[in-house]
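As numbered in our numbering, residues 185 to 312 make up the sequence shown, in order. C-beta: ideal position from N, C-alpha, C; glycine also. Predicted model only: the values in this text are computed from it and were never measured. These notes are about the structure you will find just below.
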Amino acid sequence: MLRTKSMRSPVEATDGLRVLVARFRGHGVPRGAYDVWMPNLAPSERLLKGFLKGTIGWPAFRTSYRAQLAEPAPIDAENATIKNHGQRHTLRLLRYLAEREDVTLLCHCPEDEPHCHRHVLRALIEKA
């Protein structure tokens, strides 16, 4: 099962694999609060700052974030045949894991925040 949660929420046994999907680990966040940190699944610093400042609205943020996750890595320019196509393989891996065990995507937004990238990411993983 795939869930989302705030880093501020209590750790529960049902969380399973706790994956921090934030660009920044956060001050005072102990490494034991998550199992894996994957900043590559977070929005870029530019996009995140624009959204937090209010210069980018939620619909534009969501569209840009999805596009960022699909962007190929620079190494792909050197590969003639097999390309990474962004985070596609990582999303598939998380979906595979979530089909077999509990996986919780974590970020720093409050638990009840509807405009959080972790919800967009969850939907993409479920579609992968």
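Check: Any non-hydrogen atom of the ligand PLP closer than 7 Å to Asp-286 Cβ; Outcome: In the structure on display, the ligand PLP does not appear, and there are no ligands present to speak of.
Check: Pair within 8 Å by beta-carbon distance, Leu-231 and Ser-248; Outcome: yes
Check: Status (buried if at least 16 other CB within 10 Å, exposed otherwise) for Tyr-218; Outcome: buried
Check: Length of the line joining the Cα atoms of Glu-283 and Thr-198; Outcome: 14 Å
Check: Distance between beta carbons of Leu-186 and Arg-306, contact taken as under 8 Å; Outcome: 6 Å
Check: Rounded straight-line distance, which links the Cα of Val-203 to that of Glu-255; Outcome: 21 Å
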